[in-house]
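Asker: Got a structure for you, questions after.
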Amino acid sequence: MAVSYDADLYRDARPTYPSDWYSMLAARTPCHSLAWDVGTGNGQAAIGIAEHYAQVIATDVSKTQIERAIPHPKVRYIHTPLSLEEEELVSLIGGEGSVDLVTVATAVHWFDLPSFYSVVNRILRRPGGLLAVWGYNGSISIDPTFDSLLERFKITTRPFWNPNVHYVADGYRTLPFPFEGVGLGSEGEPVSLEMHTESSFDGFVGMLRSWSAVKAAKEQGVDLLSEDVVKDFESAWGASDLIRRVTYEVFMLVGTPKSQSEFFPRARIRSSTGQGLLAAVGFHKQPALLTGSNRSSPAQFRASILVLEIQIFLQALHAAEHLILPSRRDLDLRVSVSGLQETLDSSYTNWG
55 MAVSYDADLY
65 RDARPTYPSD
75 WYSMLAARTP
85 CHSLAWDVGT
95 GNGQAAIGIA
105 EHYAQVIATD
115 VSKTQIERAI
125 PHPKVRYIHT
135 PLSLEEEELV
145 SLIGGEGSVD
155 LVTVATAVHW
165 FDLPSFYSVV
175 NRILRRPGGL
185 LAVWGYNGSI
195 SIDPTFDSLL
205 ERFKITTRPF
215 WNPNVHYVAD
225 GYRTLPFPFE
235 GVGLGSEGEP
245 VSLEMHTESS
255 FDGFVGMLRS
265 WSAVKAAKEQ
275 GVDLLSEDVV
285 KDFESAWGAS
295 DLIRRVTYEV
305 FMLVGTPKSQ
315 SEFFPRARIR
325 SSTGQGLLAA
335 VGFHKQPALL
345 TGSNRSSPAQ
355 FRASILVLEI
365 QIFLQALHAA
375 EHLILPSRRD
385 LDLRVSVSGL
395 QETLDSSYTN
405 WG
């Protein structure tokens, strides 16, 4: 999903992420050759990452954002329109197994998650490659008086938020994240961080204007930051020329690709005879693959990934004669590879 922002406003108004976050991530990757910053926007995360990696590929679906991103000698900015095919994207980034770190700063909730995670699993180096996603919502603290006013303002924005923002509102606790944790959050349990910045009043109002809901409201003829609202904020701020400390609550998830054995814990291949054996307990009870849906529940999304992995596994077993799938009742169901593929194809309409 493409999201429209005022590139100059976004660049000037959004807070800068702490440099020690990048050090923390770099310390967890054994190699530091290549990083990919996705949904880079103005490039602020990309240039932070560049302090630790030899090269950073920074991509965004917005051509305007890419054109106005912050230049850096180690950062290569690339416009990646939604029409770009997966094979093209993988090749453009550097090929399979080439990337040490993938970062997404306050953007992953806009993505087609199954498609994005498919690319991430292909391009990350194994072992050792990491995916790190983080974001922040309206949990911003200045002082009790100002915070109360801000909470009332946030209520006025609710009708104009895109449905995808529910992941942000939930602090990424409901965000599907099918990766193995490395001590910095895991699916359903993001790690909590704080981000502090010193801001002028104009800078803070500019940050509010950069919210997609404020822009969406404006396009519908509603000015959420009217002159009266801004005056109320200014009064609570203290003075328009006063610099104040602003604290953002941030949530982060960091993980590495799961091994094939985690999807197929009892899988074995007898390659010498061209025969295969796959055991996936309860496979037939999984829900359908939710293609194109990035609002599925974590359980549904895990099932989607399972079906995708089984399809990939079947391609590797094209010469196999039989598969054995024990059910939850420990019954052996013997089916041919083609028969199982037909089951997968029909699952799109029959499971759920």
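Heads up, the sequence shown is in this note's numbering, so the first residue is 55 and it goes up one at a time. Cβ coordinates follow ideal geometry from the N, Cα and C atoms, glycine included. For clarity, every value in this text was computed on a predicted model and none was experimentally measured.
Go ahead and label residue 340 buried or exposed: buried means 16 or more other beta carbons lie within 10 angstroms of its beta carbon, across all protein chains shown.
Answerer: Residue confidence is low: residue 340 scores 33 on pLDDT, short of 50, so the model does not pin down where it sits. Its coordinate-derived value is still stated next. By the neighbour-count criterion, in which 16 or more other beta carbons inside 10 Å mark a residue as buried, residue 340 falls on the buried side.
Asker: Could you say which of 223, 242, 195 lies nearest to residue 412 if we only look at CA atoms?
Answerer: Residue 412 falls outside the range modelled here, since the chain spans only 55 to 406, and no answer is possible.
Asker: Provide the residue(s) that pair with residue 249 in DSSP beta bridges, ordered along the chain.
Answerer: 302
Asker: Less than 8 Å between C-beta atoms, sequence neighbours within five positions excluded: which residues of the same chain meet that for residue 138?
Answerer: 146
Asker: Any contact between the stretch 96-109 and the stretch 121-137? By contact I mean 3 or more CB pairs, one from each, below 8 Å.
Answerer: yes
Asker: For residue 216, which of helix, strand or coil comes out of DSSP?
Answerer: coil
Asker: Output the distance between the C-alpha atoms of residue 115 and residue 298, rounded to the nearest integer angstrom.
Answerer: The straight-line gap separating the alpha-carbon atoms of residue 115 and residue 298 is approximately 34 Å.
Asker: In chain order, which beta strand (DSSP E) runs of at least 3 residues are fully inside the stretch 57-120?
Answerer: 88-92, 109-114
Asker: Below 8 Å on the Cβ atoms is my guess for residue 239 versus residue 307; work out the distance and round it to an integer in Å.
Answerer: 4 Å
Asker: Let me know if residue 253 comes out buried or exposed under the rule of 16 or more other beta-carbons within 10 Å of its beta-carbon.
Answerer: buried
Asker: Quick check on the burial criterion: 16 or more other C-beta atoms within 10 angstroms. Buried or exposed for residue 237?
Answerer: exposed
Asker: If you drop the 5 nearest sequence neighbours on each side, which residues of the same chain put their C-beta closer than 6 Å to that of residue 309?
Answerer: Residues of the same chain with a CB within less than 6 Å of the CB of residue 309, apart from the 5 flanking positions on each side, are 185, 233, 234, 235 in chain order.
Asker: Hey, would you say residue 98 sits closer than 8 Å to residue 76, going by beta carbons?
Answerer: no
Asker: Tell me, to the nearest whole angstrom, how far the beta carbon of residue 176 is from that of residue 150; I am working on the premise that it is less than 8 Å.
Answerer: 5 Å
Asker: Under a Cβ-count criterion, where at least 16 other Cβ atoms within 10 Å of its own Cβ denotes burial, should residue 117 be classed as buried or exposed?
Answerer: Exposed, because fewer than 16 other Cβ atoms sit within 10 Å of the Cβ of residue 117.
Asker: Quick check: residue 293 and residue 200, are their CB atoms within less than 8 Å of each other?
Answerer: no
Asker: Return the CA-CA distance between residue 210 and residue 86, expressed in angstroms with no decimal places.
Answerer: Between residue 210 and residue 86, the C-alpha separation is close to 44 Å.
Asker: Buried or exposed: where does residue 275 fall if 16 or more other Cβ atoms within 10 Å of its Cβ makes it buried?
Answerer: Under the 10 Å beta carbon count, residue 275 is surrounded by fewer than 16 other beta carbons and is classified as exposed.
Asker: Would a C-beta distance cut-off of 8 Å place residue 113 and residue 134 closer than the cut-off?
Answerer: yes
Asker: Tell me the rounded alpha-carbon separation between residue 256 and residue 180.
Answerer: 46 Å
Asker: Under the assumption that residue 267 contacts residue 215 (Cβ atoms under 8 Å), give the Cβ distance between them as a whole number of angstroms.
Answerer: The Cβ separation is near 5 Å, so the contact holds.
Asker: For residue 407 versus residue 158, is the C-beta distance shorter than 8 Å?
Answerer: This structure leaves residue 407 out entirely; the chain is present only between 55 and 406.
Asker: By Cβ distance, which residues of its chain are closer than 6 Å to residue 156, with the 5 residues on each side in sequence left out?
Answerer: 90, 174, 185
Asker: Report the residue ranges of all beta strand (DSSP E) runs contained in full by the stretch 137-205; include only those spanning at least 3 residues, in chain order.
Answerer: 155-159, 184-195
Asker: Out of 166, 81, 95, 288, which has the shortest C-alpha to C-alpha gap to residue 264?
Answerer: The residue with the shortest Cα to Cα distance from residue 264 is 95.
Asker: Rounded to whole angstroms, what is the Cα-Cα separation between residue 287 and residue 207?
Answerer: About 10 Å.
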